[in-house]
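Peer 1: Chains as they are written, first to last, in our numbering: chain G, 4 to 118; chain R, 1394 to 1507. In this text, a Cβ means the ideal position worked out from N, Cα and C, and glycines have one as well.
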Amino acid sequence: KNQVEQSPQSLIILEGKNCTLQCNYTVSPFSNLRWYKQDTGRGPVSLTIMTFSENTKSNGRYTATLDADTKQSSLHITASQLSDSASYICVVSALTRGSQGNLIFGKGTKLSVKP
Amino acid sequence: DSGVTQTPKHLITATGQRVTLRCSPRSGDLSVYWYQQSLDQGLQFLIQYYNGEERAKGNILERFSAQQFPDLHSELNLSSLELGDSALYFCASSVGVGPNSPLHFGNGTRLTVT
Chain G
4 KNQVEQSPQS
14 LIILEGKNCT
24 LQCNYTVSPF
34 SNLRWYKQDT
44 GRGPVSLTIM
54 TFSENTKSNG
64 RYTATLDADT
74 KQSSLHITAS
84 QLSDSASYIC
94 VVSALTRGSQ
104 GNLIFGKGTK
114 LSVKP
Chain R
1394 DSGVTQTPKH
1404 LITATGQRVT
1414 LRCSPRSGDL
1424 SVYWYQQSLD
1434 QGLQFLIQYY
1444 NGEERAKGNI
1454 LERFSAQQFP
1464 DLHSELNLSS
1474 LELGDSALYF
1484 CASSVGVGPN
1494 SPLHFGNGTR
1504 LTVT
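#1: Please list the residues of the segment 10-35 of chain G that have a C-beta atom closer than 8 Å to any C-beta atom in chain R, keeping them in chain order.
#2: What's the gap between the Cα of Ser96/G and the Cα of Leu106/G?
#3: Report the three-state DSSP secondary structure of Leu98/G (helix, strand or coil).
#4: Does any CB atom of chain G fall closer than 7 Å to the CB of Leu1436/R?
#5: Can you grab the Cα-Cα spacing for the pair Val48/G / Thr1507/R, in whole Å?
#6: Does Lys110/G have its Cβ less than 7 Å from a Cβ in chain R?
#7: Apply the 10 Å Cβ neighbour rule to Ala1407/R and answer buried if 16 or more other Cβ atoms are within range, or exposed otherwise.
#8: Can you list, in chain order, the residues of the segment 61-80 of chain G whose Cβ is nearer than 8 Å to any Cβ on chain R?
#9: Listing by chain order, which chain R residues have their CB less than 8 Å from the CB of Leu50/G?
#10: For chain R, check one thing: does any of its Cβ atoms lie closer than 7 Å to the Cβ of Pro118/G?
#11: Is the segment 1460-1467 of chain R close to the segment 70-87 of chain G, with three or more CB pairs under 8 Å?
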């Protein structure tokens, strides 16, 4: 069964610090991996999208990495800000459509940035 | 602003009732997806439409149905509502249906069933 697991479930850090969120997946055949940011009560917003051949992609203070061999991805946030407080969702796209559609969502990591 | 519009933003109704959620996709997007997000849960895929035709179906209950109209807006109908149907319902749209199509989400409809 296609699955996406994220860790930690939640994380509290101080403003200005860095953090790394993890995503492990068992999705086949793999198409791409996406990270989304979801503010409370809002829709997810895309941060990065990476295909099989890409192992790093940045979007401002957000840097995502992908290791297709170990089926792991990480999202690194640099110099965190209060506005980074949100849920970060890892989404893996499969080439074939199953009962979950093409996109398999992780449950997210809830990040709280404290002053 | 993603360009995806969902109405209403909030909906409170009683068990046994029927409601309709509406989604207008981003201009130019032909594909519409519906997702359910219960409290502290991940997004659960319900159904996908492309240019008016159903393309994929997830774990959507028989009490739920959806359609996409010729002007590409979509409606999700929820009937015989139960307390457990209380959730955020998100609509997303994309240009195509392929696995590489970027997805743009609306800000959801929060449904509360009392």
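Peer 2: Straight from the coordinates:
#1: Listed in sequence order: Ser34 and Asn35.
#2: Here the question's residue 96/G lines up with position 93 in the first sequence. Here the question's residue 106/G lines up with position 103 in the first sequence. Looking at the two C-alpha atoms, the distance is approximately 4 Å.
#3: As a working note, residue 98/G is residue 95 in the first sequence. Of the three classes helix, strand and coil, the one that applies to Leu98/G here is strand, per DSSP.
#4: Stepping through the second sequence from its first residue, residue 1436/R is reached at position 43. It does; some Cβ of chain G falls within 7 Å.
#5: Against the first sequence, residue 48/G aligns to sequence position 45. Against the second sequence, residue 1507/R aligns to sequence position 114. One C-alpha to the other measures close to 30 Å.
#6: Taking the first residue of the first sequence as 1, we reach residue 110/G at position 107. Closer than 7 Å: yes.
#7: Here residue 1407/R refers to the residue found at position 14 of the second sequence. Answer is exposed; the Cβ neighbour count stays below 16.
#8: If you check each beta-carbon in the segment 61-80 of chain G against every beta-carbon of chain R, none falls closer than 8 Å.
#9: Here residue 50/G refers to the residue found at position 47 when the first sequence is read from its first residue. For Leu50/G, no chain R residue has a C-beta closer than 8 Å to its own C-beta; the minimum C-beta separation is roughly 12 Å.
#10: Position 115 of the first sequence, counting from 1, holds the residue named residue 118/G. Not one chain R Cβ lies under 7 Å of Pro118/G.
#11: Fewer than three Cβ pairs drawn from the segment 1460-1467 of chain R and the segment 70-87 of chain G lie within less than 8 Å of each other, which leaves the two stretches out of contact.
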